[in-house]
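Position 56, counted from 1, in the sequence shown is what the UniProt record's numbering calls 56; the numbers after and before it change by one each time, with no gaps. All C-beta atoms, glycine included, are put in the ideal place defined by N, C-alpha and C. Below: the structure, in structure tokens.
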Amino acid sequence: MPRKVKSGLIQMSLAKTEGEGTIQEIKDAMLKKHIPFIEKAGEQGVQILCLQEIFNTPYFCPGQDKAWYDSAESVPGPTTDLMAEYAKKYKMVMIVPVYEKEQAGFLYNTAAVIDADGTYLGKYRKNHIPHTTGFWEKFFFKPGNLGYPVFQTAYAKIGVYICYDRHFPDGARVLGLNGAEIVYNPSATVAGLSQYLWKLEQPAHAAANGYFMGCINRVGEEKPWNLGRFYGSSYFVDPRGQIFAQASEDKDELLVSEFDLDMIEEVRNTWQFFRDRRPETYGKLTEL
Numbered sequence: 001m002p003r004k005v006k007s008g009l010i011q012m013s014l015a016k017t018e019g020e021g022t023i024q025e026i027k028d029a030m031l032k033k034h035i036p037f038i039e040k041a042g043e044q045g046v047q048i049l050c051l052q053e054i055f056n057t058p059y060f061c062p063g064q065d066k067a068w069y070d071s072a073e074s075v076p077g078p079t080t081d082l083m084a085e086y087a088k089k090y091k092m093v094m095i096v097p098v099y100e101k102e103q104a105g106f107l108y109n110t111a112a113v114i115d116a117d118g119t120y121l122g123k124y125r126k127n128h129i130p131h132t133t134g135f136w137e138k139f140f141f142k143p144g145n146l147g148y149p150v151f152q153t154a155y156a157k158i159g160v161y162i163c164y165d166r167h168f169p170d171g172a173r174v175l176g177l178n179g180a181e182i183v184y185n186p187s188a189t190v191a192g193l194s195q196y197l198w199k200l201e202q203p204a205h206a207a208a209n210g211y212f213m214g215c216i217n218r219v220g221e222e223k224p225w226n227l228g229r230f231y232g233s234s235y236f237v238d239p240r241g242q243i244f245a246q247a248s249e250d251k252d253e254l255l256v257s258e259f260d261l262d263m264i265e266e267v268r269n270t271w272q273f274f275r276d277r278r279p280e281t282y283g284k285l286t287e288l
């Protein structure tokens with residue numbers, strides 16, 4: 001019997017920014033802007049919904065203002081508790097990326113995973129943290145320390161990779177080895193240097209590991225940082241590396257698509273990449 005899953009991705013422009021309210025008011029405005037899209041997903045029967053990177057704040061990393069430390073919150077915490085209510089209401093698994101505060105000075109770029117009954121399943125902390133012009137993330141985030149977990153949800157085994165992680169095939173492979181059937185990559189990336197990689201790397205991960213991916217990017221320009229134009233183009237890609245659903249470049253959007261997880265076994269029966277791996281020859285990968 002086919003294992004069909006209906007999944008959704010929400011890409012969103014900034015609702016309010018610096019100078020238009022306090023940090024909490026900015027977070028509240030972004031959350032409020034998301035709610036109708038979350039409800040629309042639930043009403044359309046979406047079973048797994050993923051939001052964009054640090055979904056309820058601006059992408060503040062082009063600056064180095066420690067005031068944004070105050071936007072971090074516990075996980076689980078108030079935002080994930082609220083999202084759990086929507087997950088339970090619509091029987092919808094949710095991936096909720098937020099700025100996490102574990103304790104003073106321990107701040108992470110995190111995605112919480114909530115099951116369809118509202119149960120908090122766990123979290124992924126972004127492992128690869130960039131620190132380059134316009135992306136001063138090491139100022140804001142510690143590197144993840146939870147490895148590459150895979151979560152058994154009501155509908156599928158899912159993993160999470162976050163934005164800059166996508167440039168590293170190693171973690172993408174571990175997610176496959178850990179049993180992921182769908183990997184979600186919430187991102188914040190602008191037109192320019194890395195745009196050509198947007199439709200290259202993630203389809204390559206999907207094909208190399210024989211799983212589906214849902215890839216999200218926010219939209220619009222965010223002042224006062226003016227890093228560039230977040231170009232949306234969120235998409236789903238199948239285990240053959242084929243993009244089969246894609247959102248626009250310039251508008252807030254809920255992208256919904258249905259796909260059959262049985263394709264994973266079909267593809268892996270053809271391409272036996274996991275069988276033919278030679279991990280005993282890969283020692284160089286872990287040499288310092």
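{"Check": "His34 burial status per 10 Å Cβ neighbour count (16 or more: buried)", "Outcome": "buried"}
{"Check": "For Asn178, the residue or residues it bridges with in DSSP", "Outcome": "None, per the DSSP bridge assignment."}
{"Check": "Whether Ile216 touches Gln24 by CB criterion (9 Å)", "Outcome": "no"}
{"Check": "At least 3 beta-carbon pairs within less than 8 Å: the stretch 259-273 vs the stretch 50-64", "Outcome": "no"}
{"Check": "Local Cβ density within 10 Å of Lys284, reported as buried at 16 or more and exposed below that", "Outcome": "exposed"}
{"Check": "Cβ shell of Arg3 (< 7 Å), same chain only, five flanking positions each side left out", "Outcome": "Asp260, Leu261 and Asp262"}
{"Check": "Cβ contact (3+ pairs, closer than 8 Å) linking the stretch 187-201 and the stretch 26-33", "Outcome": "no"}
{"Check": "Residues near Gln202 by beta carbon distance below 7 Å, same chain, minus five either side", "Outcome": "Arg166, Asn185, Met213, Cys215 and Val237"}
{"Check": "Alpha-carbon to alpha-carbon, Asp170 and Thr17", "Outcome": "36 Å"}
{"Check": "Closest by C-alpha distance to Pro97, when choosing among Asp70, Cys50 and Ala67", "Outcome": "Cys50"}
{"Check": "Where Gln24 sits in the DSSP three-state scheme", "Outcome": "helix"}
{"Check": "Cut-off 7 Å between Cβ atoms - residues of its own chain near Met83, not counting five sequence neighbours on either side", "Outcome": "Met94, Val96 and Ile114"}
{"Check": "Buried or exposed (CB count within 10 angstroms, at least 16 for buried), Asn145", "Outcome": "exposed"}
{"Check": "Buried versus exposed, by CB contacts within 10 Å (16 or more), Phe106", "Outcome": "exposed"}
{"Check": "Member of Arg240, Val174, Trp198 and Gly220 whose CA lies at the smallest distance from the CA of Ala206", "Outcome": "Arg240"}
{"Check": "Buried/exposed call for Gln47, threshold 16 Cβ in 10 Å", "Outcome": "buried"}
{"Check": "Nearest-angstrom Cα separation, counted from Arg218 out to Phe139", "Outcome": "21 Å"}
{"Check": "Own chain partners of Pro143 with C-beta closer than 7 Å, once the 5 adjacent residues on each side are dropped", "Outcome": "Asn127 and Ile129"}
{"Check": "Backbone CA spacing between Asn109 and Ser74 [nearest angstrom]", "Outcome": "12 Å"}
{"Check": "For residue 291, three-class secondary structure by DSSP", "Outcome": "No statement about residue 291 is possible, as the shown extent of the chain runs from 1 to 288 and does not include it."}
{"Check": "Minimum length 3: unbroken beta strand (DSSP E) runs contained in the stretch 236-265", "Outcome": "243-246 and 253-260"}
{"Check": "Entirely enclosed beta strand (DSSP E) segments - the stretch 73-160, minimum 3 residues", "Outcome": "93-103, 106-114, 120-125, 150-152 and 157-160"}
{"Check": "Beta bridge counterpart(s) of Phe212 as assigned by DSSP", "Outcome": "Ile182"}
{"Check": "Closest Cα partner of Lys91 within the set Gly118, Lys199, Pro78 and Ser187", "Outcome": "Gly118"}
{"Check": "Assigned secondary structure, Val5 (DSSP; H/G/I helix, E/B strand, else coil)", "Outcome": "strand"}
{"Check": "Sequence-distant residues of its chain with Cβ nearer than 8 Å to Ala204 (five each side left out)", "Outcome": "Pro169 and Gly241"}
{"Check": "Of the residues Tyr155, Lys223, Glu53 and Lys89, the one placed nearest Ile182, counting alpha carbons only", "Outcome": "Tyr155"}
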